[in-house]
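Only one structure is covered here, and it is reproduced in the block below.
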Amino acid sequence: MAKLRINQRKPVNTGRYKAKLEQVSIAAIGHYSEFGFMNPRIRCMNPNTGNVFGPAVTVRIPAQESKALHVAVSMAHEGDVLVIDRCGDVSHACVGEMVALCASVRKLAAIVVDGPMTDYEEIMEIGIPIFATGTSPLTTKFIEDSGEINFDISCGGVPVHPGDLILADQNGVLVLREFEAEELINTAIADQDTEAEEREEVLQGKTLQQLYVPDYPLEREPFAATFASDLIKEES
Numbered sequence: 003m004a005k006l007r008i009n010q011r012k013p014v015n016t017g018r019y020k021a022k023l024e025q026v027s028i029a030a031i032g033h034y035s036e037f038g039f040m041n042p043r044i045r046c047m048n049p050n051t052g053n054v055f056g057p058a059v060t061v062r063i064p065a066q067e068s069k070a071l072h073v074a075v076s077m078a079h080e081g082d083v084l085v086i087d088r089c090g091d092v093s094h095a096c097v098g099e100m101v102a103l104c105a106s107v108r109k110l111a112a113i114v115v116d117g118p119m120t121d122y123e124e125i126m127e128i129g130i131p132i133f134a135t136g137t138s139p140l141t142t143k144f145i146e147d148s149g150e151i152n153f154d155i156s157c158g159g160v161p162v163h164p165g166d167l168i169l170a171d172q173n174g175v176l177v178l179r180e181f182e183a184e185e186l187i188n189t190a191i192a193d194q195d196t197e198a199e200e201r202e203e204v205l206q207g208k209t210l211q212q213l214y215v216p217d218y219p220l221e222r223e224p225f226a227a228t229f230a231s232d233l234i235k236e237e238s
């Protein structure tokens with residue numbers, strides 16, 4: 003019988019990012035990176051959720067087993083994000099009212115699960131941000147002492163290491179390694195500042211072509227017409 007394995011996560015300090023993380027949009031980071039973005043099937047289940055962020059506490063649990071999750075949510079610290087690898091199971095909900103309540107009382111930042119949740123109305127009342135694939139009335143059980151806590155996992159098609167920085171908002175979920183986080187966040191915030199200026203220019207009447215592709219003037223002959231005229235010349 004498989005046994006529950008627990009690893010100790012090294013201390014993670016996200017304090018130096020806090021002010022920036024509260025204002026950065028994941029979509030802005032998406033302008034500059036192709037990696038770390040979870041599959042969009044994992045979406046925010048709470049309306050009006052703003053930016054959430056924190057270091058990952060990783061959990062891997064097999065299809066019907068959830069003991070590891072109950073241990074993990076009990077040992078996680080304030081500000082952590084619980085990230086759950088469901089090992090491909092898409093039917094059993096491992097996150098329900100009691101898991102969400104414990105996470106909220108312990109002041110976790112969010113829960114991310116590559117699978118469904120349950121107890122939707124109760125969790126909405128609790129208020130902790132949940133990122134999941136949907137809802138299901140079929141739940142996990144206590145079967146055996148299996149699973150892993152704070153080992154490398156995969157969630158939403160992305161590798162997640164214990165302590166990785168998790169950013170999540172209404173656009174989705176992003177995993178950042180510590181060595182790349184600060185540069186990408188700074189770049190994204192600068193992009194947001196520039197976009198704010200560009201938004202004002204559009205409101206004043208400037209077109210996106212004028213902003214982003216000024217070397218392709220609108221008065222240029224359309225591609226289809228140009229292509230047709232070239233064919234006529236070749237045939238003649």
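Under my numbering, think of the first position of the sequence shown as 3, with each following residue one higher. Don't be surprised by glycine CBs; every beta carbon is placed ideally from N, CA and C.
To the nearest angstrom, how far is the alpha carbon of residue i from that of residue j?
i, j, result
"Asp-217", "His-33", "21 Å"
"Asn-53", "Phe-133", "12 Å"
"Thr-51", "Arg-7", "33 Å"
"Met-47", "Asp-116", "13 Å"
"Ala-95", "Glu-123", "14 Å"
"Glu-184", "Tyr-19", "7 Å"
"Val-107", "Ile-191", "32 Å"
Taking DSSP as the reference, what is the three-state secondary structure of residue i?
i, result
"Ile-130", "coil"
"Arg-179", "coil"
"Glu-146", "coil"
"Leu-167", "strand"
"Asn-27", "Reading off the sequence shown, one finds Ser at residue 27, where the question assumed Asn. Correct three-state label for Ser-27: coil."
"Asp-195", "helix"
Under the rule that 16 or more other beta-carbon atoms within 10 Å means buried, what is residue i, buried or exposed?
i, result
"Thr-135", "buried"
"Thr-120", "buried"
"Asp-82", "buried"
"Ile-145", "exposed"
"Ser-68", "buried"
"Gly-129", "exposed"
"Leu-186", "buried"
"Pro-49", "exposed"
My assumption, with CB atoms under 8 Å, is that residue i sits in contact with residue j. Please give the rounded CB distance.
i, j, result
"Arg-45", "Gly-174", "7 Å"
"Pro-118", "Ser-148", "The pair is not a contact, with the Cβ atoms about 20 Å apart (cut-off 8 Å)."
"Lys-12", "Gly-165", "6 Å"
What residues are listed by DSSP as bridge partners for residue i?
i, result
"Glu-67", "Lys-143"
"Met-119", "Val-97 and Thr-137"
"Ser-156", "Pro-161"
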